[in-house]
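Student: I'd like to ask you about the structure that follows.
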């Protein structure tokens, strides 16, 4: 596995020049201290049976992207994002879910667009989930090129998987990552926020759905793998449930109106004797 921040560069902002030596040292130490974790093992496709076989054909999903797509931090794909997402969608759809994964540890948006989007093969998915951004952050991809890269990636996904919903997972809350010391954590976190805003706006303009990551997840150390950087299986499960809620919103139940009291019966005048 490529170590995170192996090629991190010092930000060019003149306001950060005094911090440059500190950031360089912190990045170097982070690279040396961060454990190397492998991608998840096991089959790269699977099926989760639905509770009601009569609900129709399986709902198909494909997860595409970087290290989190290929399950770094989990032992098997069933314990990573694809497997947990399939289970979460099964619960919401009440039907079987077929999943597959295509990704590469260290992949950038450009790399995903040019080499990691699998062909539809006659069975187009219903949902495409793409995890991207952290490696573009590490490599200091310019924000202008990042905007272009996201637009091209979404364009390729929508063209190749016509009719599928494209869900772009938001940037993680890097400013809360336990593996990163301050001020490196703050500097990278601020840029990640800017990249996430660009991702959200670009995805919407290109017909995709942006799913922000809940910052509360990053405050629970148990949701991180041993490297303090990737999700643990519990983290993948929590993330998958959030993505499922965005992918398949369940309408709120109609409010129950209180029963109205029956109007009082009209008074009937007493009959007089004839």
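Numbering (this note's numbering), first residue to last: 4 to 277. No residue lacks a Cβ here, since even glycine has one placed at the ideal position from N, Cα and C.
Can you grab the Cα-Cα spacing for the pair residue 224 / residue 235, in whole Å?
Tutor: Approximately 9 Å between the Cα atoms of the pair.
Student: Does the Cβ-Cβ distance between residue 101 and residue 63 come in under 8 Å?
Tutor: Going by C-beta atoms, residue 101 is nearer than 8 Å to residue 63.
Student: For the 8 Å Cβ check, are there 3 or more pairs between the stretch 149-158 and the stretch 192-210?
Tutor: In short, these stretches touch, since the Cβ pair count reaches three.
Student: Go through its chain and collect everything with a Cβ distance to residue 276's Cβ below 7 Å, but skip five positions before and after it.
Tutor: Any reading at residue 276 must be qualified, since the residue scores a pLDDT of 48, below 50, and its modelled position is unreliable; no value is offered.
Student: Can you name, in chain order, every residue of its own chain whose Cβ lies under 7 Å from the Cβ of residue 77, other than the five neighbours on each side?
Tutor: Cβ within range, chain order: 43, 83, 236 and 239.
Student: Using C-beta distances below 7 Å, list every residue in its chain close to residue 226, excluding the 5 sequence neighbours before and after it, in chain order.
Tutor: Answer for residue 226: 220, 234, 235, 237, 238 and 241, listed in chain order.
Student: Does residue 134 come out as helix, strand or coil in the three-state DSSP assignment?
Tutor: It is a strand residue.
Student: By how many angstroms is the C-alpha of residue 65 removed from the C-alpha of residue 130?
Tutor: Near 7 Å, if we compare the C-alpha coordinates of residue 65 and residue 130.
Student: Leaving out the 5 sequence neighbours to the left and right, which residues in its chain are closer than 7 Å to residue 247 when beta-carbon positions are compared?
Tutor: Hits under 7 Å: 88, 91, 92 and 95.
Student: Would DSSP call residue 147 helix, strand or coil?
Tutor: If DSSP states are grouped into helix, strand and coil, residue 147 belongs with the helices.
Student: Please state the DSSP three-state secondary structure of residue 86.
Tutor: Residue 86: helix per DSSP, three-state reduction.
Student: Going by C-alpha distance, which of 132, 107, 222 and 54 is nearest residue 168?
Tutor: Out of 132, 107, 222 and 54, 132 has the C-alpha closest to the C-alpha of residue 168.
Student: How about residue 153 and residue 229: are their beta carbons less than 8 Å apart?
Tutor: Result no, Cβ atoms of residue 153 and residue 229 do not sit closer than 8 Å.
Student: To the nearest whole angstrom, what separates the beta carbons of residue 99 and residue 127, a pair I think is in contact under 8 Å?
Tutor: Incorrect: roughly 17 Å between the Cβ atoms, too far for contact.
Student: Can you name the start and end residues of the alpha helix (DSSP H) that residue 189 belongs to?
Tutor: 187-208 is the extent of the alpha helix (DSSP H) around residue 189.
Student: I'd like the list of long-range same chain contacts for residue 215, defined as Cβ closer than 8 Å, with 5 residues on each side in sequence excluded.
Tutor: Hits under 8 Å: 173, 199 and 203.
Student: What's the C-alpha gap between residue 187 and residue 197?
Tutor: The straight-line gap from Cα to Cα measures roughly 16 Å.
Student: Give every residue of the same chain whose Cβ lies closer than 6 Å to the Cβ of residue 218, excluding the five residues on either side of it in the sequence, and list them in chain order.
Tutor: The residues are 176.
Student: If you draw a straight line from the alpha carbon of residue 139 to that of residue 147, how long is it in whole angstroms?
Tutor: Approximately 12 Å, taken between the alpha carbons.
Student: Along the chain, where does the alpha helix (DSSP H) containing residue 249 start, and where does it finish?
Tutor: From DSSP, the alpha helix (DSSP H) with residue 249 extends over 236-250.
Student: For residue 75, does the three-state DSSP call read helix, strand or coil?
Tutor: Reduced to three states, the DSSP call for residue 75 is coil.
Student: Run the CB neighbour count on residue 250, radius 10 Å, all protein chains shown included, and call it buried at 16 or more, exposed below.
Tutor: With 16 or more Cβ atoms within 10 Å of its Cβ, residue 250 is classed as buried.
Student: Between the alpha carbons of residue 12 and residue 145, how many angstroms are there, rounded?
Tutor: Low confidence applies here, because residue 12 scores a pLDDT of 48, under 50, leaving its location unreliable; read the following figure in that light. Approximately 12 Å between the Cα atoms of the pair.
Student: In this structure, does DSSP put residue 233 in helix, strand or coil?
Tutor: Note: residue 233 maps to coil in three-state DSSP.
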